[in-house]
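Numbering (our numbering), first residue to last: 3 to 170.
Glycine residues also receive a C-beta, built at the ideal position from the N, C-alpha and C atoms.
Notes follow the structure.
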């Protein structure tokens, strides 16, 4: 129980930042021209994503999709919360990663339940490559996934070192 209480503020911060920035984007970018923050690299551009990451499932139908994607989000929230409760307290990187992922899932789920779409408004360009429009929740999920990967790799390295020391 202590784990969730220590790392819940990070999840709540992600949800707060995500929903505040989406509210701002909805009121200030919708039906307006894009705002070029850093020319040919970063702009603010309002978009509604009815699907999942990168617009996948955007063209598939209506309310069933909203409920299906919401159901998947609730399952993901349950799993992440379970892992937070059961993670060793010494695994700080793991707990931070899970808290970021949890906040991101809740942020996007809030949109989906309230609006039936997820609001995206951040766009990046690198040369001719255009990264799909995203939001703060997406960033938290990606950063959390990256930290989770680092934690898993570090754990694997520790286990490999232990196995090697037993062999010697």
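Original post:
What residues match up with residue 51 in a beta bridge as DSSP calls it?
Top reply: Answer is 120, bridged to residue 51.
**OP:** State whether the stretch 74–89 contacts the stretch 129–143, with contact taken as three or more CB pairs (one from each stretch) at a distance under 8 Å.
**Re:** Output reads no: the stretch 129–143 does not touch the stretch 74–89.
**OP:** State the start and end residues of the unbroken beta strand (DSSP E) segment that holds residue 135.
**Re:** Here the beta strand (DSSP E) through residue 135 covers 131–136.
**OP:** Determine, using beta carbons only, whether residue 129 comes closer than 9 Å to chain D.
**Re:** Absent here is chain D; the protein component of the structure consists of one chain.
Original post:
Count the other CB atoms within 10 Å of the CB of residue 156; is the residue buried (16 or more) or exposed (fewer)?
Top reply: Exposed is the call here.
Subject >> Supposed close pair residue 21, residue 68 - CB separation, criterion 8 Å >> reply: Distance from residue 21 to residue 68 at the Cβ level is roughly 18 Å; contact not present, criterion being Cβ atoms closer than 8 Å.
Original post:
Shortest alpha-carbon distance to residue 111 belongs to which of 34, 131, 79 and 141?
Top reply: Of the candidates 34, 131, 79 and 141, the one whose C-alpha sits nearest the C-alpha of residue 111 is 79.
Original post:
Three-state secondary structure (DSSP) at residue 31?
Top reply: Coil.
Subject >> CA nearest to the CA of residue 43, picked from 32, 120 and 127 >> reply: The residue with the shortest Cα to Cα distance from residue 43 is 127.
Original post:
Comparing the CB of residue 113 with every heavy atom of the ligand FAD, is any distance shorter than 8 Å?
Top reply: Looking at this structure, you won't find the ligand FAD or any other ligand, since it has none at all.
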